[in-house]
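Worksheet for the structure shown next.
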Amino acid sequence: MWGLGSGIWDLRFGILGLGFGVGGLESGIWGELCDPHGAGIWDLGSWICDLGFGISDLGGDVAPAQGRDLGFGILGDPARSRDLGLGFWGTPHGAPPLPAVFVVFSFASAVDLVIALEEDGIISGFAELYVREGDPHLRTAHGLLTCYWDGSVHYGLCVAMAGALGRRKNYRSLSLFWLGSLLMSAVVFLLGNLIGKYSSELSPTFLLNLPYLLLLTWAGLRLFQQPRALPTLSPDKIAEEQRKALSRRPRDLFLILILIITAGFTFFRGMVVLDCPADPCFDYTYLHEPYLRDPVGYPKVQMLIYLFYLLPFLLLAIYGLAVPGCSWLPDWSLLAAGAVAQAQFAHVGSSLHSRTPFPYQTPDESLWSFLLSNALYALGPQLLALRCLRCPAFFLPVPGPGLARAKKYQ
41 MWGLGSGIWD LRFGILGLGF GVGGLESGIW GELCDPHGAG IWDLGSWICD LGFGISDLGG
101 DVAPAQGRDL GFGILGDPAR SRDLGLGFWG TPHGAPPLPA VFVVFSFASA VDLVIALEED
161 GIISGFAELY VREGDPHLRT AHGLLTCYWD GSVHYGLCVA MAGALGRRKN YRSLSLFWLG
221 SLLMSAVVFL LGNLIGKYSS ELSPTFLLNL PYLLLLTWAG LRLFQQPRAL PTLSPDKIAE
281 EQRKALSRRP RDLFLILILI ITAGFTFFRG MVVLDCPADP CFDYTYLHEP YLRDPVGYPK
341 VQMLIYLFYL LPFLLLAIYG LAVPGCSWLP DWSLLAAGAV AQAQFAHVGS SLHSRTPFPY
401 QTPDESLWSF LLSNALYALG PQLLALRCLR CPAFFLPVPG PGLARAKKYQ
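Taking our numbering, the leading residue of the sequence shown gets 41, the next gets one more, and so forth.
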């Protein structure tokens with residue numbers, strides 16, 4: 041996953057030097073970050089640690105004053121590090137270096153994209169040794185689809201978060217979606233490797249995933265501790281929105297219906313992978329979604345995570361749409377939306393991929409029903425997250441009557 045092969049590390053000059061055109065330092069998002077700060081935030085052209093965050097004054101590539109002006113303060117000026125609150129060895133009061141975490145995960149995303157492209161024969165000579173000796177599970181259909189998602193969506197989200205950070209805009213919503221997607225990707229892949237038919241091929245390099253998970257957990261805790269960007273709404277406006285009955289909110293009523301159907305489908309597929317002897321479960325496994333029987337382990341782990349974690353969340357989300365003041369729902373809806381988006385992409389893609397053995401591929405007769413049901417399944421959490429972002433007044437804490445009167449006469 042981390043790409044230990046020497047060829048992969050050499051990609052810092054090409055891929056992480058943003059040679060794909062996404063992050064050219066003179067154009068696009070990274071070009072905009074370059075101009076106001078005097079140096080590219082990801083100036084990785086000559087050295088991976090030359091990040092434009094003021095590491096050792098940018099290794100001599102930029103004048104020390106310019107390095108400190110970036111305000112990231114890693115071995116830089118403590119006074120400057122307070123500007124963006126990202127002091128690493130700057131001020132002790134600085135926030136944790138989340139941008140440095142984004143650098144690490146974006147590098148891992150670029151490596152995964154290289155692995156996927158090499159496995160499909162588009163490029164060669166970069167990661168063959170590592171995949172063959174260190175992580176052969178990446179050659180499965182699920183591993184390949186996970187690499188593509190990581191190298192495109194996760195990398196793009198890291199770029200977007202860095203762009204928002206450079207403009208001093210709030211990136212909390214993007215980061216929670218990214219966190220949910222990355223957590224689902226890592227948990228399903230690692231547990232599938234442990235219990236699937238390829239578990240005997242695990243090597244000591246599997247332990248390299250432990251720092252990856254620890255760093256991801258730490259980043260998630262820090263992201264949840266960040267303050268929310270609350271809308272500027274008057275207490276009267278909040279109270280008016282929260283007084284509306286469910287019958288006066290047709291969109292919420294429709295969304296609740298979608299979530300109920302999603303919850304039912306989640307329970308049904310959970311019973312399927314638990315070998316429920318009922319005829320509908322048997323027919324569904326063999327006629328509609330035979331990939332659930334694949335002994336690689338990933339589909340079973342995926343459906344069990346849906347059953348034991350996503351299903352309770354869907355039921356709580358239905359409650360949160362019916363009862364006002366559930367301030368926890370917007371954050372967790374973003375986390376669930378990212379997780380389900382990644383999971384459905386990998387699951388649907390693996391069901392159709394040629395690397396999945398033919399008996400476990402989706403039959404042509406049920407292809408369209410399979411695609412439609414899984415697309416609708418992925419749509420529910422996305423609509424829920426969009427609802428929470430677009431109209432957050434219903435989920436804000438209800439202000440006390442004294443506070444409401446005080447704000448009214450200010």
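The beta carbon of each residue, even a glycine, is placed where N, CA and C say it ideally should be. Only a predicted model underlies this, so the values are computations on that prediction, with no experimental measurement involved.
Distance CB(residue i)-CB(residue j) smaller than 9 Å
i, j, result
"Leu-178", "Ile-155", "yes"
"Thr-402", "Tyr-331", "yes"
"Tyr-400", "Gly-232", "no"
"Leu-253", "Phe-307", "no"
"Pro-271", "Ala-202", "no"
"Thr-186", "Asp-152", "yes"
"Phe-305", "Ser-413", "yes"
"Leu-8", "Ala-376", "A question about residue 8 goes unanswered here, because the residues of the chain that appear run from 41 up to 450."
"Gly-420", "Leu-295", "yes"
"Ser-243", "His-194", "no"
"Gly-367", "Arg-427", "The residue you asked about is not Gly; residue 367 is Ser in the sequence shown. No, Cβ-Cβ distance for Ser-367 and Arg-427 is not below 9 Å."
"Gly-310", "Leu-347", "yes"
"Ala-418", "Ser-225", "no"
"Gly-174", "Thr-245", "yes"
"Leu-477", "His-393", "For residue 477 there is no data in the structure shown, the boundaries of the chain being 41 and 450."
"Val-144", "Leu-255", "yes"
"Ala-303", "Leu-355", "yes"
"Val-171", "Glu-158", "yes"
"Gln-342", "Ala-381", "no"
Status (buried if at least 16 other CB within 10 Å, exposed otherwise) for residue i
i, result
"Ile-95", "At Ile-95, the pLDDT of 35 sits below 50, so the modelled position is not reliable; the number obtained from the coordinates is stated separately. When all chains shown are included, Ile-95 counts as buried."
"Lys-340", "buried"
"Phe-435", "buried"
"Trp-189", "buried"
"Ser-149", "buried"
"Pro-437", "exposed"
"Ala-415", "exposed"
"Gly-61", "Residue placement at Gly-61 cannot be trusted, given a pLDDT of 39 that sits under 50; what the coordinates show is reported in the next sentence. When all chains shown are included, Gly-61 counts as exposed."
"Ala-451", "Because the chain in this structure spans residues 41 to 450, residue 451 falls outside the shown range and cannot be described."
"Glu-241", "exposed"
"Phe-353", "buried"
"Phe-166", "buried"
"Pro-137", "buried"
"Phe-322", "exposed"
"Leu-73", "Because the pLDDT at Leu-73 is just 38, under 50, the model does not fix this residue reliably, and the point stays unresolved."
Any chain C beta carbon closer than 9 Å to residue i
i, result
"Cys-198", "Included in the structure is just one protein chain, with no chain C present."
Cβ distance (whole Å) where residue i is taken to contact residue j below 8 Å
i, j, result
"Arg-451", "Ala-181", "As displayed, the chain neither begins before 41 nor continues past 450, which places residue 451 out of reach and without an answer."
"Leu-223", "Ala-379", "6 Å"
"Leu-299", "Leu-293", "Actually they are not in contact, since the Cβ atoms of Leu-299 and Leu-293 sit about 11 Å apart, beyond 8 Å."
"Pro-176", "Tyr-238", "7 Å"
"Val-312", "Tyr-324", "6 Å"
"Phe-410", "His-328", "6 Å"
"Pro-335", "Gly-236", "6 Å"
Taking 8 Å as the threshold, find out whether the stretch 192-205 comes into contact with the stretch 213-228 through three or more Cβ pairs.
yes
Check whether the stretch 359-378 touches the stretch 402-416, taking contact to mean three or more Cβ pairs, one atom from each stretch, closer than 8 Å.
no
Below 8 Å, can you find three or more Cβ-Cβ pairs linking the stretch 272-287 to the stretch 426-434?
yes
Quick check: the stretch 202-212 against the stretch 257-272, are there 3 or more CB pairs under 8 Å?
yes
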